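Residues 21 to 139 (our numbering) make up the sequence shown, in order.
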Amino acid sequence: MPRQPAKTGRGRRAKTLPRGRRRGGAAHKGRRWSQRVTRESDALDLEGGVFTRKSPKAIALSLKRSALRSRRRKADPYRSALSMLTFYVNRAGRNLPATRRRTLARAKRELKVAFGREQ
21 MPRQPAKTGR
31 GRRAKTLPRG
41 RRRGGAAHKG
51 RRWSQRVTRE
61 SDALDLEGGV
71 FTRKSPKAIA
81 LSLKRSALRS
91 RRRKADPYRS
101 ALSMLTFYVN
111 RAGRNLPATR
121 RRTLARAKRE
131 LKVAFGREQ
């Protein structure tokens with residue numbers, strides 16, 4: 021059965037676009053901008069697969085190492101490492117499983133310890 025267009029607020033029906041012209045359909049131009057930011061931004065030069073590691077400590081130490089080595093960062097090393105970790109978590113959104121989210125939250129705490137900023 022064909023789908024009916026969704027109703028708008030004033031009793032009118034919204035237009036449905038052909039398959040190729042739907043929102044996000046054809047161009048895909050800016051589709052993976054967050055991947056490009058992670059790879060090319062001036063925040064850090066990251067090691068490959070850093071966010072897929074299982075140990076929060078390993079993630080934190082890798083981010084610290086990258087932050088200290090990077091000449092492309094603008095802020096201090098701790099701030100750059102933490103912002104890249106937060107950026108990854110925020111961009112993953114709902115697609116990030118709860119176990120990964122917990123691991124990355126622990127990595128934030130480990131990062132604090134690694135930089136000597138624990139209270």
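Using N, Cα and C, we set each Cβ at its ideal position, and we do this for glycine too.
Since the structure is predicted, the reported quantities are computational estimates derived from the model, not experimental observations.
Straight-line spacing of the CA atoms in residue 126 and residue 95 works out to 22 Å.
Within the stretch 49-123, no complete beta strand (DSSP E) segment of 3 residues or longer occurs. Our two residues, residue 91 and residue 69, have alpha carbons roughly 20 Å apart in a direct line. Excluding the 5 residues flanking it on each side, residue 135 has same chain C-beta neighbours closer than 6 Å at 98, in chain order. The Cβ atoms of residue 87 and residue 100 sit closer than 7 Å to each other.
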